[in-house]
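Working notes for the structure below.
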Amino acid sequence: MDHSKPIDRRGFLEAGAAVGTALGLAADVALSAEQTTVRVGVIGCGSVSRAYLPHLAQCPYVKLVSVCDIIPERAKQQAEEYKVPNQYPNIDAMLAGAPFDLLVNLTDMQEHERLNMQAIEARKHVWSEKPIANSLDAGQKILATAIEKGVHIWAAPAMVASPQFAFMAKTLAEGTLGRLAAAHADYGHGGPNWSKFFYEEGGGSLPDLAVYNLTTLTGLLGPAKSVVAMTSVITPTRDIRDIGEIHVVAEDNAMLLMEHAAGVISHVQSGFSYFNPRGHDGEKEQRHTIRINGHSGYMGLVGYDWDPHGVDVATREAPAQKRFVPDKGAFLWEMGASLAAESLATNKPLLITPEHALHVLEVIQATRESQATGRRVPLTSTFKWPIVS
Ligand SMILES: NC(=O)c1ccc[n+]([C@@H]2O[C@H](COP(=O)([O-])OP(=O)(O)OC[C@H]3O[C@@H](n4cnc5c(N)ncnc54)[C@H](O)[C@@H]3O)[C@@H](O)[C@H]2O)c1
Numbered sequence: 005m006d007h008s009k010p011i012d013r014r015g016f017l018e019a020g021a022a023v024g025t026a027l028g029l030a031a032d033v034a035l036s037a038e039q040t041t042v043r044v045g046v047i048g049c050g051s052v053s054r055a056y057l058p059h060l061a062q063c064p065y066v067k068l069v070s071v072c073d074i075i076p077e078r079a080k081q082q083a084e085e086y087k088v089p090n091q092y093p094n095i096d097a098m099l100a101g102a103p104f105d106l107l108v109n110l111t112d113m114q115e116h117e118r119l120n121m122q123a124i125e126a127r128k129h130v131w132s133e134k135p136i137a138n139s140l141d142a143g144q145k146i147l148a149t150a151i152e153k154g155v156h157i158w159a160a161p162a163m164v165a166s167p168q169f170a171f172m173a174k175t176l177a178e179g180t181l182g183r184l185a186a187a188h189a190d191y192g193h194g195g196p197n198w199s200k201f202f203y204e205e206g207g208g209s210l211p212d213l214a215v216y217n218l219t220t221l222t223g224l225l226g227p228a229k230s231v232v233a234m235t236s237v238i239t240p241t242r243d244i245r246d247i248g249e250i251h252v253v254a255e256d257n258a259m260l261l262m263e264h265a266a267g268v269i270s271h272v273q274s275g276f277s278y279f280n281p282r283g284h285d286g287e288k289e290q291r292h293t294i295r296i297n298g299h300s301g302y303m304g305l306v307g308y309d310w311d312p313h314g315v316d317v318a319t320r321e322a323p324a325q326k327r328f329v330p331d332k333g334a335f336l337w338e339m340g341a342s343l344a345a346e347s348l349a350t351n352k353p354l355l356i357t358p359e360h361a362l363h364v365l366e367v368i369q370a371t372r373e374s375q376a377t378g379r380r381v382p383l384t385s386t387f388k389w390p391i392v393s
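Residue numbers (the working numbering): 5 to 393.
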């Protein structure tokens with residue numbers, strides 16, 4: 005199956021039913037041809053579920069079937085608030101319970117790999133929060149299993165679906181900036197204080213924050229060929245709500261350089277130890293957080309890539325900076341799972357691909373390897389590019 009294209013829905017339904025029968029799976033494992041909506045199960049009812057669930061609840065392609073959390077009160081609370089009929093305390097009970105088609109995985113970063121694989125083994129489609137897995141190797145196995153099982157997996161972030169990303173990609177493709185040379189991106193704040201997984205092994209500001217800039221820059225400039233990087237821990241202990249003081253293991257400060265094709269170099273800075281005078285409010289951020297320099301032009305994304313407010317362009321011929329796409333339309337960073345459901349229900353292609361998520365994961369892995377070894381690290385993965393043609 006070509007994972008860059010959506011599954012033809014009827015084809016999937018028929019193929020799924022046939023495979024299900026051949027494997028002796030319960031009839032309810034596959035989507036039924038009569039379904040007009042995608043049955044969704046949400047696992048992880050913490051902070052980010054408060055952004056996802058309202059969007060999913062309004063999505064015309066979604067029927068919220070179940071919620072799950074290892075802290076059962078959280079599942080109960082979200083089930084009540086969003087009128088979800090079933091709630092479970094673990095993935096085993098969820099998979100054995102009310103049938104659903106798409107798992108939306110909003111759990112701790114380190115749990116994604118295991119839960120994504122378990123859901124795919126049970127022939128569920130998956131939308132995962134980032135990261136898609138804890139390592140490139142494990143992520144590739146998850147994708148291979150998804151292909152084998154005839155299901156889709158996608159992972160956050162969703163910014164390549166924003167109108168600002170589309171405009172930037174088109175501007176670069178048209179050659180408006182001339183020969184490209186360099187790009188910079190940064191995203192940081194003081195770090196979350198509600199869960200310790202952000203600071204444990206497999207957590208860190210790279211998979212939580214840098215992942216946005218890495219997705220945008222590789223999405224705009226193409227797959228990276230190698231990485232040179234440094235990371236550090238600036239704040240060695242943290243106070244976490246309801247837990248108290250913890251020791252920080254994962255990086256809370258990172259800078260990396262990516263080598264793209266034709267000599268283009270990009271730089272990403274991210275951290276959990278930064279004072280941000282604008283707070284962590286996307287509305288208030290009006291800086292260029294993504295800056296791209298070409299031989300004859302400059303382009304800056306206004307605001308964060310996950311909450312963009314416009315794109316400024318200046319060229320040698322027209323040096324007065326001009327603002328484009330000041331409106332993000334319907335785009336919201338938390339809409340990825342709804343887009344996945346829409347793609348399953350309507351066969352509408354998604355620009356978000358698992359191959360891109362895996363490439364970004366490899367950049368993160370290479371960043372840590374570069375810090376550990378002091379070396380430049382070559383990359384092996386790639387993805388379909390350009391994303392917007
Ligand atoms: N909070 C945000 O603003 C935000 C924004 C974008 C992305 N994210 C991403 O969302 C994910 C979750 O972050 P969060 O801030 O919501 O964390 P959180 O700690 O608030 O919520 C995670 C929830 O998952 C549950 N959980 C953990 N392991 C589980 C398991 N095996 N089975 C069932 N439930 C399990 C926890 O009990 C918790 O309720 C992370 O990948 C994070 O990077 C968070």
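Glycine is no exception: its CB is placed at the ideal position from the N, C-alpha and C atoms.
This one's a predicted model, so the numbers in the text were calculated from it and none came from an experiment.
Would you say the beta carbon of Ile74 is closer than 7 Å to some non-hydrogen atom of ligand 3?
For ligand 3, the structure offers nothing, since it holds only ligand 1.
Which two residues bound the contiguous alpha helix (DSSP H) that contains Asp309?
Residue 309 sits at position 305 when you count from the first residue of the sequence shown. Where Asp309 is concerned, there is no enclosing alpha helix (DSSP H), given that its DSSP letter is neither H nor E.
Any non-hydrogen atom of ligand 1 closer than 7 Å to Lys134 Cβ
For the purposes of this step, residue 134 is taken as residue 130 along the sequence shown, with counting starting at 1. Checking the Cβ of Lys134 against ligand 1 gives yes.
So Lys174 is in the alpha helix (DSSP H); what residue range does that whole segment cover?
One-based indexing of the sequence shown puts residue 174 at position 170. Taken as a continuous stretch (DSSP letters only), the alpha helix (DSSP H) holding Lys174 covers Pro167 to Ala177.
Does ligand 1 have a heavy atom nearer than 7 Å to the CB of Met339?
Start at 1 with the first residue of the sequence shown, and residue 339 comes out as number 335. No, the Cβ of Met339 stays beyond 7 Å of every heavy atom of ligand 1.
Mind reading off the beta-carbon distance from Asn217 to Ile151? Whole number of angstroms is fine, and I expect it under 8 Å.
Position 213 of the sequence shown, counting from 1, holds the residue named residue 217. Position 147 of the sequence shown, counting from 1, holds the residue named residue 151. In fact, because the Cβ distance is near 29 Å, the residues do not count as touching under 8 Å.
Three-state secondary structure (DSSP) of Glu152:
Your numbering for residue 152 matches position 148 in the sequence shown. In this structure, Glu152 counts as helix in the three-state DSSP scheme.
Please work out which residues of its chain come closer than 6 Å, Cβ to Cβ, to Ser274, disregarding the five sequence neighbours upstream and downstream, and give them in chain order.
The residue labelled residue 274 in the question sits at position 270 within the sequence shown. The residues are Tyr191, Gly192, Ser209, Leu213, Ala214 and Ala258.
Cα-Cα separation, Ile250 to Val268
Position 246 of the sequence shown, counting from 1, holds the residue named residue 250. Position 264 of the sequence shown, counting from 1, holds the residue named residue 268. Those two C-alpha atoms are separated by around 40 Å.
When DSSP builds the beta bridges, which residues end up paired with Asn418?
This structure leaves residue 418 out entirely; the chain is present only between 5 and 393.
Test item: CB-CB of Ile47 and Leu362 under 8 Å:
Along the sequence shown, read from residue 1 onward, the residue named residue 47 stands at position 43. Along the sequence shown, read from residue 1 onward, the residue named residue 362 stands at position 358. Not closer than 8 Å, so no.
Beta strand (DSSP E) segment containing Ile95, residue limits
Taking the first residue of the sequence shown as 1, we reach residue 95 at position 91. Not the beta strand (DSSP E): Ile95 falls in the alpha helix (DSSP H), residues Ile95 to Ala100.
Assuming contact is defined by CB atoms lying nearer than 8 Å, are Phe276 and Asp246 in contact in what I supplied?
Stepping through the sequence shown from its first residue, residue 276 is reached at position 272. Stepping through the sequence shown from its first residue, residue 246 is reached at position 242. Taking 8 Å as the Cβ cut-off, Phe276 and Asp246 do not qualify as a contacting pair.
Would a C-beta distance cut-off of 8 Å place Glu117 and Ala142 closer than the cut-off?
As a position in the sequence shown, residue 117 is number 113, starting the count at 1. As a position in the sequence shown, residue 142 is number 138, starting the count at 1. Yes, the Cβ-Cβ distance between Glu117 and Ala142 is below 8 Å.
Compare the Cα-Cα distances from Val253 to each of His284, Gly226 and Gly206 and report the closest residue.
Residue mapping note: residue 253 aligns to position 249 of the sequence shown, counting from 1. Out of His284, Gly226 and Gly206, Gly206 has the C-alpha closest to the C-alpha of Val253.
Where the alpha helix (DSSP H) through His59 begins and ends:
Residue numbering aside, residue 59 sits at position 55 when the sequence shown is read from its first letter. Here the alpha helix (DSSP H) through His59 covers Ser53 to Gln62.
Sort Gln290, Leu354 and Glu287 by Cα distance to His156 and report the nearest one.
Start at 1 with the first residue of the sequence shown, and residue 156 comes out as number 152. When each option's Cα is compared against that of His156, the closest is Leu354.
Hey, out of Gly195, Glu289 and Ala79, whose CA is closest to Pro89's CA?
As a first step, residue 89 is located in the sequence shown; it is residue number 85 there, counting from the start. The option with the nearest alpha carbon to Pro89 is Ala79.
Sorry if obvious, but does the Cβ on Val329 come closer than 7 Å to a heavy atom of ligand 1?
Within the sequence shown, residue 329 is the residue found at index 325, counting from 1. No; taking the cut-off as 7 Å, the Cβ of Val329 has no heavy atom of ligand 1 nearer than that.
For Val420, which residues from the same chain have a beta carbon less than 8 Å from its beta carbon, with the 5 sequence-adjacent residues on both sides left out?
The structure shown does not extend to residue 420, since the chain is modelled only from 5 through 393, so no value can be given for it.
Any chance you could list the beta strand (DSSP E) runs of at least 3 consecutive residues sitting entirely within the region 192 to 254, in chain order?
230 to 236, 241 to 244 and 248 to 251
Compare the Cα-Cα distances from Ala266 to each of Pro227, Gly248 and Leu260 and report the closest residue.
On the sequence shown, residue 266 is found 262 positions in, with the first residue counted as 1. Answer by Cα proximity: Pro227.
Would you call the region 303 to 312 and the region 283 to 294 touching, i.e. three or more CB-CB distances under 8 Å?
yes
Ligand 1 heavy atoms versus the CB of Thr4: any closer than 7 Å?
Absent from the model: residue 4. The displayed extent of the chain is 5 to 393, so no value can be given.
Beta carbon of Val317 nearer than 8 Å to that of Gln168:
In the sequence shown, counting from the first residue as 1, residue 317 sits at position 313. In the sequence shown, counting from the first residue as 1, residue 168 sits at position 164. Cβ distance not < 8 Å, so Val317 and Gln168 don't count as in contact.
Closer than 8 Å is the cut-off here; do at least three beta carbon pairs connect the region 337 to 347 with the region 173 to 191?
no
Expected contact under 8 Å - CB spacing of Gly223 and Val272 to nearest Å
Position 219 of the sequence shown holds residue 223. Position 268 of the sequence shown holds residue 272. Their Cβ separation, rounded to whole angstroms, is 13 Å, which puts Gly223 and Val272 out of contact at 8 Å.
Can you list, in chain order, the residues of its chain whose CB lies under 8 Å from that of Glu280, leaving out five sequence neighbours each side?
Working through the sequence shown from its first residue, we reach residue 280 at position 276. Going by the sequence as given, residue 280 is Asn instead of Glu. Hits under 8 Å: Gly192, His193 and Gly194.
Is the separation between the beta-carbon of Ser132 and that of Ala159 shorter than 8 Å?
Here residue 132 refers to the residue found at position 128 when the sequence shown is read from its first residue. Here residue 159 refers to the residue found at position 155 when the sequence shown is read from its first residue. Yes. Within cutoff.
What would DSSP say about Trp337, mapped onto helix, strand or coil?
Working through the sequence shown from its first residue, we reach residue 337 at position 333. The answer is helix: DSSP assigns Trp337 an H, G or I state.
Report, in whole angstroms, the separation of the C-beta atoms of Tyr86 and Leu57, which I expect to be a contact under 8 Å.
By one-based count along the sequence shown, residue 86 stands at place 82. By one-based count along the sequence shown, residue 57 stands at place 53. Right, their Cβ atoms sit about 5 Å apart.
What does DSSP give as the partner residue(s) for Glu263 in the beta ladder?
Start at 1 with the first residue of the sequence shown, and residue 263 comes out as number 259. In the DSSP output, where bridge partners are listed per residue, Glu263 has Ser230 and Ile269.
What do you reckon, are the CB atoms on Thr371 and Ala233 nearer than 8 Å?
Here residue 371 is taken as the residue at index 367 of the sequence shown, counted from 1. Here residue 233 is taken as the residue at index 229 of the sequence shown, counted from 1. Yes, these two residues count as a Cβ contact at 8 Å.
Excluding five sequence neighbours on each side, which residues of the same chain lie with their C-beta closer than 7 Å to the C-beta of Ser385?
In the sequence shown, counting from the first residue as 1, residue 385 sits at position 381. So the qualifying residues of the chain are Leu140, Leu362, His363 and Glu366.
Neighbour-count burial assignment, Pro323, 16 or more Cβ in a 10 Å radius
Numbered from its first residue, the sequence shown carries residue 323 at position 319. It counts as exposed.
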